[in-house]
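Undergrad: Its first residue numbered 1, the sequence shown is counted upward by one per residue in full-length UniProt numbering.
Cβ coordinates follow ideal geometry from the N, Cα and C atoms, glycine included.
These numbers were taken from a predicted model, which means no experiment stands behind them.
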Amino acid sequence: MGARREPLIAARRTDAGGVSRCLPRARRAWARLAGLVALAMIGAPLAASARPPEPPPAPSVAPESPEGLCHTIENAAHEHDLPPEFLARLIWKESRFDVRAVSPKGALGVAQFMPATARLRGLDDPFDPQQAISASARYLSDLKVLFGNLGLAAAAYNAGEDRVGRYVARRSGLPAETHDYVLSITFRPAEWFRTPGRELEPRPLDPERSFREACAMLPVVPTRAALFEGADWQPWGVQVAGHLRRSVALRHFSRVQARYASIIGTRMPMLVRARAATGPRRIWSVRLGADTRSEAAKLCARLRAAGAPCLVRRN
Numbered sequence: 001m002g003a004r005r006e007p008l009i010a011a012r013r014t015d016a017g018g019v020s021r022c023l024p025r026a027r028r029a030w031a032r033l034a035g036l037v038a039l040a041m042i043g044a045p046l047a048a049s050a051r052p053p054e055p056p057p058a059p060s061v062a063p064e065s066p067e068g069l070c071h072t073i074e075n076a077a078h079e080h081d082l083p084p085e086f087l088a089r090l091i092w093k094e095s096r097f098d099v100r101a102v103s104p105k106g107a108l109g110v111a112q113f114m115p116a117t118a119r120l121r122g123l124d125d126p127f128d129p130q131q132a133i134s135a136s137a138r139y140l141s142d143l144k145v146l147f148g149n150l151g152l153a154a155a156a157y158n159a160g161e162d163r164v165g166r167y168v169a170r171r172s173g174l175p176a177e178t179h180d181y182v183l184s185i186t187f188r189p190a191e192w193f194r195t196p197g198r199e200l201e202p203r204p205l206d207p208e209r210s211f212r213e214a215c216a217m218l219p220v221v222p223t224r225a226a227l228f229e230g231a232d233w234q235p236w237g238v239q240v241a242g243h244l245r246r247s248v249a250l251r252h253f254s255r256v257q258a259r260y261a262s263i264i265g266t267r268m269p270m271l272v273r274a275r276a277a278t279g280p281r282r283i284w285s286v287r288l289g290a291d292t293r294s295e296a297a298k299l300c301a302r303l304r305a306a307g308a309p310c311l312v313r314r315n
């Protein structure tokens, strides 16, 4: 059997004069209770202060504005135990804070997720900056666990996990683009991070400003959001995909391109904001460029003959 517990309030007894008095154990019980209360009052603020400070409340700004992006970056960094300056530099390096950015290889949005990687990471809309930045921070946190530090995590974000795995094992090098990428974000060469035990060194965006103030001052540089880089503007286009959501339109085009590769080849498409034929709402229209209406009509005829729906449109 277990030890018998004393009651909190001891029984009372009366002496010969009729005066009641508590047993000594009652006084001990009250002392213990008072001590526990005092300990709880002291310990609560200490426990709270041991946690890292929360970011300030959300500002009343648009999520796609520099201020909104920086608040999202700060929150995501806090949630996934990343330095906010590191995450801000990486996101800015990826897209220059252009939430509509599209790379020549098809990476999408402010965090530049490839469609396949976005699906793998559970990112529904790469063009939603709040979703994308949160997914980026979570992915970088996982890459840090995998490779041991944020320098190699950044390298893997740019070049891919397999490539960096071979690089760490000294079976492969890294692309020049990745070397520049890591150096510009961490201020250390990728080679430096290959030594076990090394980690990113703290470096504020601006020593004289708060993170959020300095982050919001990073210049937004619009990319060629209406076009894929490498595709020259042409007056006519053959529309082969379209959707209200940009990411879905691009996924549709990828499937069309793969299925009709013998006709489309390596053509780079134009991504144009256009009014839908069925109503007033605008869609993202993916078009293959042509210099004349006749040229566009011939291309569309070939696609239709192969089973692909298309429309000829003036850009």
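Kindly list the residues whose CB is nearer than 6 Å to the CB of residue 128, restricted to its own chain and excluding five residues on each side of it in sequence; keep chain order.
TA: Counting from 1 along the sequence shown, the entry for residue 128 is found at position 128. Excluding positions up to five away in sequence, the list is empty.
Undergrad: Going along the chain, which unbroken runs of the alpha helix (DSSP H) with 4 or more residues stay wholly within the segment 102 to 179?
TA: Whole alpha helix (DSSP H) segments, 4+ residues: 115 to 120, 129 to 147, 150 to 159, 161 to 168.
Undergrad: Within the continuous alpha helix (DSSP H) that includes residue 256, where are the two ends?
TA: Locating residue 256 in the sequence shown gives position 256, counting from the first residue. Here the alpha helix (DSSP H) through residue 256 covers 246 to 259.
Undergrad: Sort 86, 140, 233 by Cα distance to residue 183 and report the nearest one.
TA: If you number the sequence shown from 1, residue 183 lands on position 183. For the residues 86, 140, 233, the minimum Cα distance to residue 183 belongs to 86.
Undergrad: Where does the unbroken beta strand (DSSP E) through residue 284 begin, and where does it stop?
TA: Counted from its first residue, the sequence shown places residue 284 at position 284. Note, residue 284: beta strand (DSSP E), 282 to 290.
Undergrad: Using 8 Å as the threshold, is the C-beta distance between residue 97 and residue 152 below it?
TA: Translated into positions along the sequence shown, residue 97 becomes position 97. Translated into positions along the sequence shown, residue 152 becomes position 152. It is not a contact, given that the beta carbons lie outside the stated cut-off.
Undergrad: Write down every uninterrupted run of the alpha helix (DSSP H) in the segment 63 to 91 whose length is 4 residues or greater and which is fully enclosed by it, in chain order.
TA: Entirely contained in the segment 63 to 91, the alpha helix (DSSP H) runs reaching 4 residues are, in chain order, 66 to 79.
Undergrad: Decide if residue 312 is buried, meaning its Cβ has at least 16 other Cβ atoms within 10 Å, or exposed.
TA: Residue numbering aside, residue 312 sits at position 312 when the sequence shown is read from its first letter. Buried.
Undergrad: Mind the definition here: the segment 281 to 297 touches the segment 243 to 262 only if three or more C-beta pairs lie below 8 Å; say whether that holds.
TA: Cβ pair count under 8 Å is three or more, so yes.
Undergrad: Starting from the C-beta of residue 304, find all residues in its chain whose C-beta is less than 8 Å away, skip the five residues before and the five after it, and write them out in chain order.
TA: Locating residue 304 in the sequence shown gives position 304, where the first residue counts as 1. Excluding positions up to five away in sequence, the list reads 310.
Undergrad: Whole angstroms are fine: how far does the CA of residue 79 sit from the CA of residue 40?
TA: For the purposes of this step, residue 40 is taken as residue 40 along the sequence shown, with counting starting at 1. For the purposes of this step, residue 79 is taken as residue 79 along the sequence shown, with counting starting at 1. Residue placement at residue 40 is poorly supported in this model, since its pLDDT is 40, which falls under 50; the coordinates are not used for a value here.
Undergrad: Going by C-alpha to C-alpha distance, which of 106, 142, 77, 103 sits closest to residue 121?
TA: Working through the sequence shown from its first residue, we reach residue 121 at position 121. Looking at the Cα atoms, 142 is the closest of the given residues.
Undergrad: Can you tell me the Cβ-Cβ gap for residue 130 and residue 123, rounded? I've got them flagged as a contact below 8 Å.
TA: The residue you call residue 130 lines up with position 130 of the sequence shown. The residue you call residue 123 lines up with position 123 of the sequence shown. Not quite, the Cβ-Cβ distance comes to about 11 Å (not below 8 Å), so this is no contact.
Undergrad: Can you name the start and end residues of the beta strand (DSSP E) that residue 311 belongs to?
TA: Along the sequence shown, one-based indexing puts residue 311 at 311. Where residue 311 is concerned, the enclosing beta strand (DSSP E) stretches over 311 to 314.
Undergrad: Going by the DSSP bridge assignment, what does residue 242 pair with across the sheet?
TA: Residue mapping note: residue 242 aligns to position 242 of the sequence shown, counting from 1. Paired residue(s): 285.
Undergrad: Tell me the rounded alpha-carbon separation between residue 363 and residue 125.
TA: This structure cannot settle anything about residue 363, because the visible part of the chain is limited to 1 through 315.
Undergrad: According to DSSP, residue 183 sits in a beta bridge with which residue or residues?
TA: Taking the first residue of the sequence shown as position 1, residue 183 is located at position 183. Residue 183 pairs with nothing; no bridge assigned.
Undergrad: Going by DSSP, which residues form a beta bridge with residue 275?
TA: If you number the sequence shown from 1, residue 275 lands on position 275. Answer by DSSP bridge pairing, in chain order: 282.
Undergrad: What is the residue span of the alpha helix (DSSP H) that residue 192 lies within?
TA: The count along the sequence shown starts at 1 and reaches residue 192 at position 192. Residues 190 to 193.
Undergrad: What I want to know is whether the C-beta of residue 294 ends up closer than 7 Å to one or more non-hydrogen atoms of the ligand FMN.
TA: Ligands displayed in this structure: none; no statement on the ligand FMN is therefore possible.
Undergrad: Indicate whether residue 293 and residue 263 have their beta-carbon atoms separated by less than 8 Å.
TA: Taking the first residue of the sequence shown as position 1, residue 293 is located at position 293. Taking the first residue of the sequence shown as position 1, residue 263 is located at position 263. No, the Cβ-Cβ distance between residue 293 and residue 263 is not below 8 Å.
Undergrad: Which residues bound the alpha helix (DSSP H) around residue 214?
TA: Taking the first residue of the sequence shown as position 1, residue 214 is located at position 214. 211 to 216 is the span of the alpha helix (DSSP H), which, as asked, contains residue 214.
Undergrad: Between residue 114 and the rest of its own chain, which residues show a CB-CB distance below 8 Å, the 5 nearest in sequence each way excluded?
TA: As a working mapping, residue 114 is identified with position 114 in the sequence shown. Result list for residue 114: 105, 106, 107, 108, in chain order.
Undergrad: What are the boundary residues of the alpha helix (DSSP H) that includes residue 305?
TA: Here the question's residue 305 lines up with position 305 in the sequence shown. From DSSP, the alpha helix (DSSP H) with residue 305 extends over 293 to 305.
Undergrad: Determine the burial state of residue 187: buried for a count of at least 16 other Cβ atoms within 10 Å of its Cβ, exposed for fewer.
TA: Here the question's residue 187 lines up with position 187 in the sequence shown. So residue 187 ends up on the exposed side.
Undergrad: Of all the options 297, 295, 239, 266, which has the alpha carbon lying nearest to the alpha carbon of residue 275?
TA: Within the sequence shown, numbered from 1, the residue matching residue 275 stands at position 275. The residue with the shortest Cα to Cα distance from residue 275 is 239.
Undergrad: So is residue 217 buried or exposed if we call it buried at 16+ other beta carbons inside 10 Å?
TA: Position 217 of the sequence shown, counted from the start, is the residue given in the question as residue 217. Per the 10 Å Cβ criterion, exposed.
Undergrad: Buried or exposed: which applies to residue 196, given that a residue is buried once 16 or more other Cβ atoms fall within 10 Å of its Cβ?
TA: Here residue 196 refers to the residue found at position 196 when the sequence shown is read from its first residue. Label assigned to residue 196: exposed.
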